[in-house]
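Chains as they are written, first to last, in this note's numbering: chain A, 1 to 78; chain B, 1001 to 1230.
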């Protein structure tokens, strides 16, 4: 289970790097945090899992989404 | 190229994390309570050993964290005053407006439950406060859009709660000092630890949970709302 969650985290993190739109990358980052929260829960650290879910998937994603909006979609050419 | 490097670094780090995880105790070993968890229950009356560390053994560190948040909230509120915040130019769709109404009570109750039961079950003041602040931020951002600003609590009330909670935290600390000679003392002050597992147990831990939960919730709400509506 630990290996599965870690593997999924790698896949999500690498997919995040290849996203064209910043919003898609931020949503994948939220998924990464959620997988991290599941991993912590699996490793018997529910306190850390709750904090990871609230801060990592919640507040961080909220702030990123908001500032993408404020910078007009973050259009950026490679 | 940059992305390939980043992908390689991620893979290496996660492989290292996998090696670290393989050294962890097995599930059967983890099912048995370890020595220090039994001791912390006797020392503090808190079933949740993490809360026992955060709000009893190392409560002074938590006070330090609380100071970091109040300092940040003060600076952000000073640099980006909410009173002069500009309106948002976007308009939220009906789905967002009604979805938020349906979601908010659940988020708020979840945050309060995490906060109040911090000494019994996983969670605690900090996590509960963060969850509460997301509900306040959600409300402020969605309902301030394209119209007049609206908040769950007015900015002035937010700041007052932040100050009162900070003072209350210090007051609990000085109470411990007056009763037993140690700052933020819990069991040594002679207040009953109660039955382990009941809501009113573990001495000052539930009180500090509520205080720090309110403080963190209101502090984060001040910081994020100030930045968002600035």
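Just so you know, even glycine gets a beta-carbon here, dropped at the ideal spot from N, CA and C.
Taken through DSSP and simplified to helix, strand or coil, residue 1027/B comes out as helix. When Cβ-Cβ separations below 9 Å define contact, residue 1072/B makes no contact with chain A. Within the model, the alpha-carbon separation for residue 1069/B versus residue 1063/B is close to 10 Å. If you draw a straight line from the Cα of residue 20/A to the Cα of residue 1100/B, it comes to about 29 Å. Separation of residue 27/A and residue 60/A (C-alpha to C-alpha, rounded to the nearest whole angstrom) is 10 Å. Residue 18/A sits in coil when the DSSP states are folded into three classes, being neither helix nor strand. Across the set 1121/B, 1045/B and 1078/B, the C-alpha of 1121/B shows the shortest separation from the C-alpha of residue 45/A. Residues of the segment 52-63 of chain A with a C-beta less than 8 Å from any C-beta of chain B: 54, 55, 58, 59, 62 and 63, listed in chain order.
By the criterion of at least three beta-carbon pairs nearer than 8 Å, the segment 1126-1136 of chain B is in contact with the segment 1217-1226 of chain B. Those residues of the segment 18-44 of chain A placed with their C-beta closer than 8 Å to a C-beta in chain B are 18, 43 and 44, ordered along the chain. Residue nearest to residue 68/A within the set 5/A, 25/A and 4/A is 25/A (criterion: CA-CA distance). By the neighbour-count criterion, in which a residue is buried when 16 or more other Cβ atoms sit within 10 angstroms of its Cβ, residue 52/A is buried. A distance below 9 Å separates the beta carbons of residue 1212/B and residue 1124/B. Between residue 1162/B and residue 63/A, the alpha-carbon positions lie close to 22 Å from each other. Assignment of residue 1139/B by DSSP, reduced to helix, strand and coil, places it in the helix class. The beta carbon of residue 34/A sits closer than 7 Å to those of 53 and 57, all from its chain and outside the five residues before and after it, given in chain order.
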